[in-house]
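Trainee:
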Ligand code: ADP
Ligand code: NA
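In UniProt numbering, the protein residues as written are 39 to 386.
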């Protein structure tokens, strides 16, 4: 049967936090190391998706570079996987338009909860963000671009967080409609839900850790230095019981710390087992242990990130440009192969 193709994307929002890392990037790296040699993997920095919000051009360029360095730092191998910027493959936009014109309905898109929630939250949006005023059509249409990102590389499997399930369902519907209208044979892609739990904010543990939280102590970045990791964990909101028990509903703060401890534990003990091993300890001692595990766990990521950025700077930007250009060429070849068939099927 057909070979597997794994595709996923990340927005160029700069250095990710440990929620993004555990919830998304680690799954990519695991897939890369467990996939059969015949499986093709593509990971895209989706900069066209980023402009559904207003972007400062210099900042967007910097964050795209940082995001690429991040992918290399967590262990994405640009030889094994095709790593590329979405904006270097114009075929994504070509297929987007074709899907938009033939298989997409206004009703289908207006049901997307991501759209419904975004138009309802003007309060904490960025000053540059036009969403607070008038939402751009790109924000409404972006699930169709996502469908094009996936189909253009004939992806069979798409690793995502649960917030993306509805978009993947839409992609499958668009795939079926498009195949029905034209003589195309796209395979509806399967969703690979990340197995990781949602990591909660360190300062408000009832909401998820997010880069848009105004309090920098609410999160740990994957390149945070040890002192910053220790500080954020020391300041983490827990509760007034000075015991260690794992109970996510009753004790969200402590349980989030135990989840983090478990994910970064070299012995991979469960949160409940770690709670048991901390019996008799106070919360301060737990925080110190979690900090130690997170610092250790992120050390190779931080070291690789610094090495990549250093190599890029000493080559005047040539190092990351080389990675980007090679990935772009491979991704364009992959996309063009699909588009030759699509154009023929549509009469172009
Ligand atoms: P943010 O909420 O910080 O803006 P994104 O929405 O850009 O993050 O998410 C990028 C990826 O990381 C998605 O696949 C999402 O499911 C995952 N992710 C984001 N935040 C968390 C979290 N706190 N815990 C687990 N996974 C997360
Ligand atoms: Na988000």
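In this text, a Cβ means the ideal position worked out from N, Cα and C, and glycines have one as well.
Could you work out which residue in 374, 323, 358 and 339 is closest to residue 113 when comparing CA atoms only?
Mentor: One-based indexing of the chain shown puts residue 113 at position 75. That would be 339, whose Cα lies nearest to the Cα of residue 113.
Trainee: Report yes if the C-beta distance between residue 302 and residue 332 is below 8 Å; otherwise report no.
Mentor: Residue numbering aside, residue 302 sits at position 264 when the chain shown is read from its first letter. Residue numbering aside, residue 332 sits at position 294 when the chain shown is read from its first letter. Against a cut-off of 8 Å, the Cβ pair of residue 332 and residue 302 comes out as a contact.
Trainee: DSSP three-state call for residue 152: helix, strand or coil?
Mentor: Taking the chain shown and counting its residues from 1, one reaches residue 152 at position 114. Looking at residue 152 - three-state DSSP - the assignment turns out to be helix.
Trainee: Just verifying my parser: in three-state terms, what is the DSSP assignment at residue 83?
Mentor: Position 45 of the chain shown, counting from 1, holds the residue named residue 83. The answer is strand: DSSP assigns residue 83 an E or B state.
Trainee: Which residue spans inside the segment 70 to 123 form an unbroken alpha helix (DSSP H) run of at least 4?
Mentor: Complete alpha helix (DSSP H) runs here, min 4: 85 to 88 and 95 to 112.
Trainee: Please classify residue 50 as buried or exposed, where buried requires at least 16 neighbouring CB atoms within 10 angstroms.
Mentor: On the chain shown, residue 50 is found 12 positions in, with the first residue counted as 1. Classification for residue 50: buried.
Trainee: Hey, out of 325, 138 and 81, whose CA is closest to residue 281's CA?
Mentor: Within the chain shown, the letter at position 243 stands for residue 281. Checking every option, the nearest Cα to that of residue 281 belongs to 325.
Trainee: Any beta carbon of chain D sitting closer than 8 Å to that of residue 140?
Mentor: In summary, chain D is missing from the structure at hand, where a single protein chain is found.
Trainee: Taking 7 Å as the cut-off, does the CB of residue 44 come closer than this to any heavy atom belonging to the ligand ADP?
Mentor: On the chain shown, position 6 is the one that residue 44 refers to. The answer is no for residue 44.
Trainee: Taking one C-beta from the segment 59 to 79 and one from the segment 92 to 106 each time, how about it: are there three or more such pairs within less than 8 Å?
Mentor: Because the criterion of three Cβ pairs below 8 Å is not met, the segment 59 to 79 and the segment 92 to 106 do not touch.
Trainee: Leaving out five residues before and five after residue 399 in sequence, what residues of the same chain have Cβ atoms less than 7 Å from its Cβ?
Mentor: A question about residue 399 goes unanswered here, because the residues of the chain that appear run from 39 up to 386.
Trainee: Considering only the alpha carbon of each residue, which of 284, 42, 96 and 127 lies closest to residue 72?
Mentor: Your numbering for residue 72 matches position 34 in the chain shown. Of the candidates 284, 42, 96 and 127, the one whose C-alpha sits nearest the C-alpha of residue 72 is 42.
Trainee: Give the DSSP-derived three-state secondary structure of residue 396 in the structure shown.
Mentor: Absent from the model: residue 396. The displayed extent of the chain is 39 to 386, so no value can be given.
Trainee: In three-state terms, what does DSSP make of residue 246?
Mentor: By one-based count along the chain shown, residue 246 stands at place 208. Here residue 246 sits in strand by DSSP.
Trainee: Compare the Cα-Cα distances from residue 334 to each of 375, 263 and 279 and report the closest residue.
Mentor: Here residue 334 refers to the residue found at position 296 of the chain shown. It is 263.
Trainee: With a 10 Å radius around its C-beta and 16 neighbouring C-beta atoms as the bar for buried, classify residue 137 as buried or exposed.
Mentor: The residue you call residue 137 lines up with position 99 of the chain shown. Buried.
Trainee: Going by the C-beta, is residue 195 closer than 7 Å to any heavy atom of the ligand ADP?
Mentor: Counting from one through the chain shown, the residue named residue 195 turns up at place 157. Outside the cutoff, so no.
Trainee: Using beta-carbon positions only, say whether residue 295 and residue 273 come within less than 8 Å of one another.
Mentor: Position 257 of the chain shown, counted from the start, is the residue given in the question as residue 295. Position 235 of the chain shown, counted from the start, is the residue given in the question as residue 273. Not a contact, by the Cβ cut-off of 8 Å.
Trainee: Excluding the 5 residues preceding and the 5 following residue 271 in the sequence, name in chain order all residues of the same chain whose CB lies nearer than 6 Å to its CB.
Mentor: Counted from its first residue, the chain shown places residue 271 at position 233. 325, 328 and 329, listed in sequence order.
Trainee: Out of 123, 352, 309 and 52, point me to the one whose CA is closest to residue 286's CA.
Mentor: By 1-based counting over the chain shown, the position of residue 286 is 248. Closest by alpha carbon: 309.
Trainee: Quick check: the Cα distance between residue 374 and residue 132, rounded to an integer number of angstroms?
Mentor: Here residue 374 refers to the residue found at position 336 of the chain shown. Here residue 132 refers to the residue found at position 94 of the chain shown. Cα-Cα distance, rounded: 10 Å.
Trainee: Can you find the residues in the same chain that come closer than 6 Å, C-beta to C-beta, to residue 366, ignoring five residues on each side of it along the sequence?
Mentor: In the chain shown, the residue the question calls residue 366 occupies position 328. If we look at residue 366 and ignore the five residues flanking it on each side, its Cβ neighbours are 122 and 126.
Trainee: Leaving aside the five residues before and after residue 77 along the sequence, list all residues of the same chain whose C-beta is less than 6 Å from its C-beta, in chain order.
Mentor: The sequence position of residue 77 within the chain shown is 39, counting from 1. Here the set comprises 42.
Trainee: Taking the C-alpha atoms as reference points, what is the distance between residue 111 and residue 254?
Mentor: What you label residue 111 is simply residue 73 of the chain shown in a count that begins at 1. What you label residue 254 is simply residue 216 of the chain shown in a count that begins at 1. Approximately 22 Å, taken between the alpha carbons.
Trainee: So, helix, strand or coil for residue 252, using DSSP?
Mentor: Mapped onto the chain shown, residue 252 falls at position 214. In this structure, residue 252 counts as coil in the three-state DSSP scheme.
Trainee: At a cut-off of 7 Å, would you count residue 202 as near the ligand FAD, judging by its Cβ distance to the nearest heavy atom?
Mentor: With respect to the ligand FAD, the structure offers nothing, as its ligand set consists of the ligand ADP and the ligand NA.
Trainee: Hey, would you say residue 69 sits closer than 8 Å to residue 44, going by beta carbons?
Mentor: Here residue 69 refers to the residue found at position 31 when the chain shown is read from its first residue. Here residue 44 refers to the residue found at position 6 when the chain shown is read from its first residue. Going by C-beta atoms, residue 69 is nearer than 8 Å to residue 44.
Trainee: Compute every distance between the C-beta of residue 342 and the non-hydrogen atoms of the ligand ADP, then say whether any falls below 7 Å.
Mentor: Within the chain shown, residue 342 is the residue found at index 304, counting from 1. Every heavy atom of the ligand ADP is 7 Å or more from the Cβ of residue 342, so no.
Trainee: Helix or strand or just coil, what does DSSP make of residue 333?
Mentor: Counting from one through the chain shown, the residue named residue 333 turns up at place 295. Correct three-state label for residue 333: helix.
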